[in-house]
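Working notes for the structure below.
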Amino acid sequence: MGPYTCTSSYNLLLLALMLLLTSQGNGAYYSPQSRICTDYSTKCGGKQIFCPRQCPTFKASTEKGKGCFIDCNARDCEAICKTRKPNCNGIGSACYDPRFVGGDGVMFYFHGKTNEHFSLVSDVNFHINARFIGRRPQGRSRDNTWIQALSLIFGSHTFTLSANKVAEWDSSTDHFLFTYNDLPIHISSGHLNTWTAPDSKLTVERTTLHNSIALTLPGVVEMSVNVVPVTKQDDLLHNYQIPADDCFAHLEVQFKFFSLSDKVEGVLGQTYRPGFMSPVKRGVAMPVMGGEDKFMTSSLVAADCKKCIFSGGEMNIEAKSMLSDVMTVDCTSTSPGHSHGFACRR
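In terms of mature numbering (1 follows the signal peptide of the UniProt record, and there is no 0), the sequence shown is residues -27 to -1, 1 to 319.
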């Protein structure tokens, strides 16, 4: 009995060790990370949620890997594995010939105008603008437009990211351009390469070798952003009539917001207000959100639209600092409402 017990114990121990070493599929084991939902108004308030074995860390170890996402409004209060790229069908997204999914879960288009700027979100502590590019095909009554650049304005700081104009798309080349406080910055290509602002908590991290980033302003906003071209297939399908000298490189983005005020404005921001009733027509192929005149700004870094409420000044850090590592927390879920309420543990 003695020798049998020792051998069995050894085999079980060896098997357990092998399972641990292969839990990531790359020979490395990571102790599962977790977070506590500190907002008791959420479905999972007060609960500590652990990452699953399939994705035990919030940041994937490889470009194609998945990170752990925790949603405090999840039905079963369990973490899930997701990529860190924007989900163009998810809440807070803006993709294509701009198609948005609002905080209320309602999909809509906002066409804007070629070479103009519009406020996507304007709140007390921060402001986000978009620059639209596009063209009007022969025989059409409106421009086809895409989001070419975004700006994040907070406190006395401005950050911009834009898609570089190119004739031919090359996926092996990075097409992002960045500025911080009006000065160009360089973020080295490479998965998980990170830039941190010298005088604020803003960070930007590459989520693939080229053309995908994750931006975090803790407790305020996260952005997952891709640079993509208008493909030849899309051109043929929609008859965009794209010229040979411009592939109309543009941005796909998904936002996650934290502690939005009840007065938040902007094309997308307004859809997060409590009780917001979407004016878009339901049941049609292209439900359109109007309001170009209300949300147009004078430049990419101006907060001067008719509906804008951001006025600059110092941020309320105390109210916004409840999240210390939020880039990969999926706080939007499938239900409308604000995204907040975590404490982080490893």
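Positions of the beta carbon are idealized from the N, C-alpha and C atoms, including for glycine.
Have a look at A136 and A276 and give me their C-alpha separation to the nearest angstrom.
21 Å
With a cut-off of 8 Å, do at least 3 Cβ pairs link the stretch 101 to 118 to the stretch 197 to 214?
yes
Going by DSSP, what residue range makes up the alpha helix (DSSP H) through Q206?
205 to 211
Please name the residue in N98, I126, H223 whose C-alpha comes closest to that of W142.
H223
Taking the beta strand (DSSP E) that F268 falls in, what are its first and last residues?
It is not in any beta strand (DSSP E) - F268 instead sits in the alpha helix (DSSP H) that spans 265 to 268.
Roughly how many angstroms separate the alpha carbons of S7 and I64, rounded to a whole number?
23 Å
Cβ pair D96, I282 closer than 9 Å
yes
K254 and P260 look like a contact to me (Cβ under 8 Å); what is the Cβ gap, rounded to whole Å?
5 Å
Going by Cα to Cα distance, which pick from A33, F249, I120, T189 is closest to H84?
I120
Please report the Cβ distance between L241 and A67, rounded to the nearest whole angstrom; I am assuming they are in contact, meaning their Cβ atoms lie under 8 Å.
7 Å
Q121 by DSSP, collapsed to three states: which one?
strand
Assuming contact is defined by CB atoms lying nearer than 9 Å, are M262 and Y69 in contact in what I supplied?
no
Is the stretch 32 to 48 in contact with the stretch 191 to 207, if contact means three or more CB pairs nearer than 8 Å?
no
Distance between beta carbons of A47 and K20, contact taken as under 8 Å:
Not quite, the Cβ-Cβ distance comes to about 10 Å (not below 8 Å), so this is no contact.
Does T180 come out as helix, strand or coil in the three-state DSSP assignment?
coil
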